[in-house]
Every structure is written in C-alpha cells, then in structure tokens.
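Number of protein chains: 2
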Amino acid sequence: MLSVSTCSETIDIPLFCQNCPSRRTGSCAALSSDQLGRLASQSRRVHYDAGEALAADAMPIGGYGSLLHGVVKLSKVLEDGRQQLVGLQFAPDLTGRLFANESRVTAEAASDVDLCVVSRSAMEAVLRDSPDFKHRIMLQTLRELDEARDWMVTLGRKTAAEKVASFLCLIASHATPDQDKPRTSFDLPLSRADIGDFLGLTIETVSRQMSKFKADGVIGIENYRHVTVPDLARLRVQCG
Amino acid sequence: MLSVSTCSETIDIPLFCQNCPSRRTGSCAALSSDQLGRLASQSRRVHYDAGEALAADAMPIGGYGSLLHGVVKLSKVLEDGRQQLVGLQFAPDLTGRLFANESRVTAEAASDVDLCVVSRSAMEAVLRDSPDFKHRIMLQTLRELDEARDWMVTLGRKTAAEKVASFLCLIASHATPDQDKPRTSFDLPLSRADIGDFLGLTIETVSRQMSKFKADGVIGIENYRHVTVPDLARLRVQCG
DNA sequence: CGCCGGTTTGATACTAATCAAGTTAAGTGG
DNA sequence: CCACTTAACTTGATTAGTATCAAACCGGCG
Numbered sequence: 056m057l058s059v060s061t062c063s064e065t066i067d068i069p070l071f072c073q074n075c076p077s078r079r080t081g082s083c084a085a086l087s088s089d090q091l092g093r094l095a096s097q098s099r100r101v102h103y104d105a106g107e108a109l110a111a112d113a114m115p116i117g118g119y120g121s122l123l124h125g126v127v128k129l130s131k132v133l134e135d136g137r138q139q140l141v142g143l144q145f146a147p148d149l150t151g152r153l154f155a156n157e158s159r160v161t162a163e164a165a166s167d168v169d170l171c172v173v174s175r176s177a178m179e180a181v182l183r184d185s186p187d188f189k190h191r192i193m194l195q196t197l198r199e200l201d202e203a204r205d206w207m208v209t210l211g212r213k214t215a216a217e218k219v220a221s222f223l224c225l226i227a228s229h230a231t232p233d234q235d236k237p238r239t240s241f242d243l244p245l246s247r248a249d250i251g252d253f254l255g256l257t258i259e260t261v262s263r264q265m266s267k268f269k270a271d272g273v274i275g276i277e278n279y280r281h282v283t284v285p286d287l288a289r290l291r292v293q294c295g
Numbered sequence: 056m057l058s059v060s061t062c063s064e065t066i067d068i069p070l071f072c073q074n075c076p077s078r079r080t081g082s083c084a085a086l087s088s089d090q091l092g093r094l095a096s097q098s099r100r101v102h103y104d105a106g107e108a109l110a111a112d113a114m115p116i117g118g119y120g121s122l123l124h125g126v127v128k129l130s131k132v133l134e135d136g137r138q139q140l141v142g143l144q145f146a147p148d149l150t151g152r153l154f155a156n157e158s159r160v161t162a163e164a165a166s167d168v169d170l171c172v173v174s175r176s177a178m179e180a181v182l183r184d185s186p187d188f189k190h191r192i193m194l195q196t197l198r199e200l201d202e203a204r205d206w207m208v209t210l211g212r213k214t215a216a217e218k219v220a221s222f223l224c225l226i227a228s229h230a231t232p233d234q235d236k237p238r239t240s241f242d243l244p245l246s247r248a249d250i251g252d253f254l255g256l257t258i259e260t261v262s263r264q265m266s267k268f269k270a271d272g273v274i275g276i277e278n279y280r281h282v283t284v285p286d287l288a289r290l291r292v293q294c295g
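Residue numbers (the numbering used here), protein chains in the order written: chain A, 56 to 295; chain B, 56 to 295.
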C-alpha cells in the first residue's frame, strides 16, 4: 500500500461517478450529488502493488473499494495448499463482500491496483440511503454470478486447450480500454502460475498449450506477457 | 406442469412469508401484510414433475418462482452437448434471473417441484416497492455467488473422490428438513448422470467413487438413491 | 417374461500431472 | 560492463488419474 490520500476525484471514477464512461453495468448517476459528495469525502485513494493482498479469506472486512485501475484476483485455497482463482475484477467493479462479517475469498492485486476505499459503515450508509446505488451493486453481483457459472462450465467440462483459449478470450474482452469489442493485442494480467490456478491446470500444461497456439499461429507471444491475436474468430473456435 | 391454482397459502411459504421457519437467509417479514397480500393474489402455485424444464438458456424470462419444495438444477451446455450443472436450488430460493431479458441457464426440476410463481411485472413491482424484500433477494444472490465460488474450487482442484465426497456433504447439509445440522440419511436428488455433470466427471467415475466409499464403509447405499453416512466427520475428511 | 433405463464393473486409451532439465530475461554486485 | 543469481517460463520423459469403450447387472414395468 503505497499512497493514501483523500480522493475527491472520486467524482471522476466509474463506481461513484455522475457521468460514467463505462457502459458495462449501466445505470450510473446512481447517487445524488449530495450522496456523492458525502461518499467522496469519506473515501481514500489507495494503491496496491502487484502481489499485495487486499483481503484474506475468513478475515474481517475492513472496507470496500471501487476499482479504478488494475486487476484484482479472488482466490480460495484448500488446507493442503491447492489454490483456485474464483474471480477476476476489473474497473469499475466494487471489491469486498457486502453484508458479511468476513471475507469469503482472498483478494490480491494481480497488477498494480488503484482503489477508492470507503469504510464498511460508510458503504452501509450509502446502500441504505440510495436504492439506485444499491441496485447498481446488485446488478454487478448478478453479473458476477453469471460469470462464475460460465467459468464453472470451463472448469468442469473443457479440455486444457479449450480452457487456455477461453482464458485468452476472457482477457481479450476485458483488456478493452472502454470499447465494447475485444482487443487483438494485450498484456496478460496474470502469471502462468495464476493462469493455471484460474483454469485448474498446472503451470506446465498452461505453458504447453500457449506454445501450441503460438506454433499454430493462433496467437503471438512476446516477452511472455504480451499476446497478439491475428484472428479472434479462430481463437474463439478453440474455446469449445 | 400438473396442477395450477392461485395460492393464498403463499402466506405459509418461505420466501413470501411473515414468520418464516427457515433461518438460512434471515430477515423474513420483508413484506408488509399489504404487499404480501398483493403478491399472494398474483401468484400461482405450479407443480413440475422431475425432469421438466422451468426455463431454458437464452430464452425470455416468463416469471419468477419461490421454491416451496423440491430441488431445481441449473445447467449450461456447450454446442457439442457437454453439460455442466452450475447450481442447485432448494426451498426457499427464488428461481429466475432478475433484471435480465433472458435466462442465463437452463433450469430443470431435479425432483418433483412445487413453486409459487409470480409474473415478471409483479416481481418487479414488489422489488420496487419493498426494499426489504429486495434486500433479502440480494442476500440470496450473494450467497449463491459464494456457493458458486466454493464449487469452482471443487471443479478445478479436487480429485474425483474428493468431488464425490464434497457432493455428498453438500446434499447432506441441504437435505436437512429445517434443522441446521446435516442429515446422516437422505435420498440423492440427482441421478448419477446429473452428479457427473455437477462434478465435471463421467457417470462411470462417479459410480466407481461411490462404490469405493461404500466398500470403505464411509457411506451406505440402498436402492441407488438412498445414502446413509455413519460418520459425517469421516466423510468430511474425504472432501479435501 | 422380456424389455429398458439407470447403474455397476472391467479393460484400455489418453489427457494432463508430475518429475526433471533447460532457457530466457531481469536484476545485482563486483 | 560482465559474471552471477534468481524468478518465470519452456520443454521433455514418465506416470497417474479419468475418460472411453464395452459388457454385465438390477429393478421396474408393460
């Protein structure tokens, strides 16, 4: 956690904004300028370096964050250390489990992350006072549930190659800088180890499948992290 | 769909009730008697036989149902027919995807099912008028998201034996007739094929693992569907 | 009785995990 | 600036765990 400062720029950011550039979840302008001002004044802008933990499984919930920039990974671990990523969050998602005393997942910064953080009590007050805001959060929750269920199909029923292709498609569509169409050139926000944990595969299998896609010309890889997709349709076919 | 009738018994059922016996989601009495009466008068009681579909993926949403009795399975299929169950719903869950024009999953009756169904417009009206009711639905959605994420760990990181044990534990804890503690004797609500689709395994693997647990004395099986668990702790150890 | 769906059991094949070296790129310190 | 270290990744050989294919079993029902 590097920098901490009150953020009145909250006004400009996706979740707590009046004119939100993102069209993903719709229904911005959920807060009156009064509510917005109060929330903004109670918020702090917080930076996490890649790898830092925002919240730990089964630990009390400190506060909630509007994700401004970066990628947050949500994971769970079994007693023996096996790990599974159970979600990725991008701006303008809200991080933190609402209406619970403890986190149900471990949340870590996958990349450098900027959050606008509000205390639990402040968030509860806003949710109480602004049905529109609460509605918007509910829409996010429903979308996260849809995404989790889509992912269950990938985890349960797809082959290693299909899993990796599905992951690349997911990142391509999320790496998009505000447009709605997937990008054909992007950086992976996760290491091979994280991708493995996301897909229920080992590092080696992920690496092999990526190498195979590269050899087949489905993708290009530069510097491990940067991926280019000459033909998105061709990649999509590989998703199963 | 066998019987259809207006259900004023709605008053007695979990989701739309004033004195709800279930302690799972808390916060009953979400509706004033006025709202309750209006909702009840607009509801129909509907029965589905085991195997009947309540909703199909990518089809318009007809209405919402308060699950009175039975088990509903939610699934997704890939183009080539591979199938994955992505959720199970028990009373007093609400069935149907809120705030969307289309269903995101296929919903089928796993057992005989009784629902109290309301139209989409009626549900939307109640959600609009009763913040407490909406809050309760939000809690259900958050819980479903937690459950989906727990299941992702099972799908992605557990062995076949651990998956089957986890499934048995899940059913044991849900088969409970209103108590909070898991049962030690219950009927499986799913066929081996469905269990396989739930766990991302084949029928044969499910069968083998169940036979192994039986041979090891961890469970008893009678008539394929009825399971007894002499020592729940011993089963839980197998869950990984 | 004989059929039939759901289930179990067995033999074999194949996918992905594991074990084990290498390779690459980015530091770090002399 | 270059040897050294290290972490992340790739590649190869072998093994283990499930899927697949195939056959038998069981219980219910016409």
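All C-beta atoms, glycine included, are put in the ideal place defined by N, C-alpha and C. Note that the structure is a prediction, hence the values are computed from the model and not measured.
If we ignore side chains and look at the alpha-carbon of each, how far apart do residue i and residue j end up?
i	j	result
Val173/B	Gly151/B	11 angstroms
Leu123/B	Ala248/A	44 angstroms
Leu143/B	Gly211/A	16 angstroms
Asp104/B	Val273/A	47 angstroms
Lys189/A	Ser96/A	19 angstroms
Gly243/B	Val141/B	According to the sequence displayed, residue 243/B carries Leu and not Gly. Going by the C-alpha atoms only, they are around 17 angstroms apart.
Lys267/B	Val219/B	11 angstroms
Ile164/B	Gly251/B	The question names Ile, yet the displayed sequence has Ala at residue 164/B. The alpha-carbon atoms of Ala164/B and Gly251/B are separated by roughly 17 angstroms.
Ser98/B	Arg137/A	46 angstroms
Ser228/A	Ser166/A	17 angstroms
Lys213/B	Tyr119/B	34 angstroms
Asn74/B	Glu259/B	Note on Asn74/B: pLDDT 32, under 50, position unreliable in the model; the coordinate value appears next. Spanning the two alpha carbons is a distance of roughly 45 angstroms.
Arg198/B	Lys236/B	18 angstroms
Arg297/A	Ser221/A	With chain A running from 56 to 295 in the structure shown, residue 297/A is simply not present.
Arg79/A	Asn156/B	Because the pLDDT of Arg79/A is 36, which lies under 50, any placement of that residue in the model is unreliable, and the number read from its coordinates should be weighed accordingly. Cα to Cα, Arg79/A sits roughly 16 angstroms from Asn156/B.
Ala286/A	Thr239/A	Note on identity: in this sequence residue 286/A is Asp, with Ala being the wrong assignment. If you take the alpha carbons of Asp286/A and Thr239/A, they lie about 8 angstroms apart.
Pro115/B	Gly255/A	33 angstroms
Ala84/B	Ala111/A	Bear in mind that the predicted position of Ala84/B carries a pLDDT of just 45, short of 50, making it unreliable; the figure below should be weighed with that in mind. Taking the straight line from one Cα to the other gives about 34 angstroms.
Val127/A	Glu277/A	23 angstroms
Ser130/A	Leu290/B	25 angstroms
Ser176/B	Asp169/B	21 angstroms
Arg280/A	Gly125/B	48 angstroms
Ser121/A	Leu91/A	13 angstroms
Gly275/B	Ala146/B	26 angstroms
Asp184/B	Thr196/A	21 angstroms
Ser246/B	Val284/B	18 angstroms
Lys269/A	Asp135/B	25 angstroms
His102/B	Ile226/A	42 angstroms
Thr209/A	Ser262/A	18 angstroms
Asp187/B	Gly106/A	39 angstroms
Ala113/B	Asp271/B	44 angstroms
Thr257/B	Gly117/B	33 angstroms
Ala288/B	Phe253/A	30 angstroms
Phe241/B	Val292/B	19 angstroms
Between which two residues does the alpha helix (DSSP H) holding residue i run?
i	result
Cys171/B	Unbroken run through Cys171/B is the beta strand (DSSP E), Val168 to Ser174; no alpha helix (DSSP H).
Val282/A	Where Val282/A is concerned, there is no enclosing alpha helix (DSSP H), although the beta strand (DSSP E) it sits in stretches over His281 to Thr283.
Gln195/B	Pro186 to Arg212
Gly295/A	Segment: none, Gly295/A is in no alpha helix (DSSP H) and carries neither H nor E.
Ala230/A	Neither: Ala230/A is in no alpha helix (DSSP H) and is coded neither H nor E.
Leu256/B	Unbroken run through Leu256/B: none, as it is neither H nor E.
State the CB to CB distance for the pair residue i and residue j, rounded to an integer number of angstroms; the pair is presumed to be in contact (CB under 8 angstroms).
i	j	result
Arg159/A	Asp201/B	5 angstroms
Val181/B	Leu223/B	Their Cβ separation, rounded to whole angstroms, is 37 angstroms, which puts Val181/B and Leu223/B out of contact at 8 angstroms.
Cys313/A	Glu217/A	As displayed, chain A neither begins before 56 nor continues past 295, which places residue 313/A out of reach and without an answer.
Ala203/B	Arg204/A	6 angstroms
Phe154/B	Leu194/A	6 angstroms
Ala108/B	Thr161/B	7 angstroms
Met207/B	Gln139/A	6 angstroms
Cys171/B	Arg93/B	Actually they do not touch by this definition, with Cβ atoms about 14 angstroms apart.
Which one or two residues does DSSP pair with residue i in a beta bridge?
i	result
Phe241/B	Val282/B
Glu277/B	His281/B
Could you tell me which whole beta strand (DSSP E) segments of length 3 or greater appear in the stretch 99 to 181 of chain A?
99 to 103, 108 to 110, 118 to 124, 126 to 132, 138 to 145, 161 to 164 and 168 to 174
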